[in-house]
Every structure is written in structure tokens, then in C-alpha cells.
Amino acid sequence: MTLTKYQAQCEAEEAAWFRQVEWQRIARQLEALYGAQTAGDGSAYTRQRIGRLEALQQALMGFPAALAD
């Protein structure tokens with residue numbers, strides 16, 4: 050394996066790891082916000098935060114247009 054291929058492979062693995070970590074962070078935040086909604090928090094701020102985090106998840110799944118909303 051050449052140095053260039055090795056570096057590309059390492060960068061791809063690192064990017065995948067960062068996407069996974071970001072996904073887990075977003076999922077934890079969404080779980081907390083969904084719990085707050087279930088407990089009665091119907092504020093606009095909570096709905097906006099949920100919308101932004103769901104858009105980030107869509108972008109991580111390969112739909113970056115979700116961030117345009």
C-alpha cells in the first residue's frame with residue numbers, strides 16, 4: 050500500500066469515526082428534548098432545537114439540503 054493510499058484510508062476511517070460520534074451526541078440531545086416534550090415542554094425554543102438537530106441528522110445521513118431550511 051502506498052503512502053497516499055494509506056493516508057486516504059486513515060482519513061476516511063477518521064471521518065467515519067467523527068460522524069459516528071456526532072450522531073451519538075445528537076441522538077442524546079434529541080432523546081432529552083423528546084423527553085422534555087413528553088413531560089409537557091411545548092415551547093417554540095424546544096421545537097426549534099429539535100428541528101435543527103433533526104436537520105443535522107439528515108445531513109449526516111447524506112441529505113445536506115436539510116440544513117437549508
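Residue numbers 50 to 118, in our numbering, belong to the letters of the sequence shown in order.
The beta carbon of each residue, even a glycine, is placed where N, CA and C say it ideally should be.
For clarity, every value in this text was computed on a predicted model and none was experimentally measured.
Helix or strand or just coil, what does DSSP make of residue i?
{"i": "A88", "result": "coil"}
{"i": "F112", "result": "coil"}
{"i": "T124", "result": "Look at the range of the chain in this structure, 50 to 118, and you will see that residue 124 is not part of it."}
Provide the residue span of the alpha helix (DSSP H) that contains residue i, from first to last.
{"i": "A93", "result": "A93 to L109"}
My understanding is that residue i touches residue j, with C-beta atoms under 8 angstroms, so please give their C-beta distance in whole angstroms.
{"i": "W72", "j": "Q106", "result": "7 angstroms"}
{"i": "A108", "j": "T95", "result": "No, A108 and T95 are not in contact; Cβ-Cβ is about 21 angstroms, not under 8 angstroms."}
Kindly say whether residue i, judged by its beta-carbon, lies nearer than 8 angstroms to any beta-carbon of chain B.
{"i": "Q86", "result": "In the structure shown, chain B does not exist; there is a single protein chain."}
**Study point:** contact_flag[the stretch 77–84, the stretch 92–108] where n(CB pairs < 8 angstroms) is 3 or more
**Key:** In short, these stretches touch, since the Cβ pair count reaches three.
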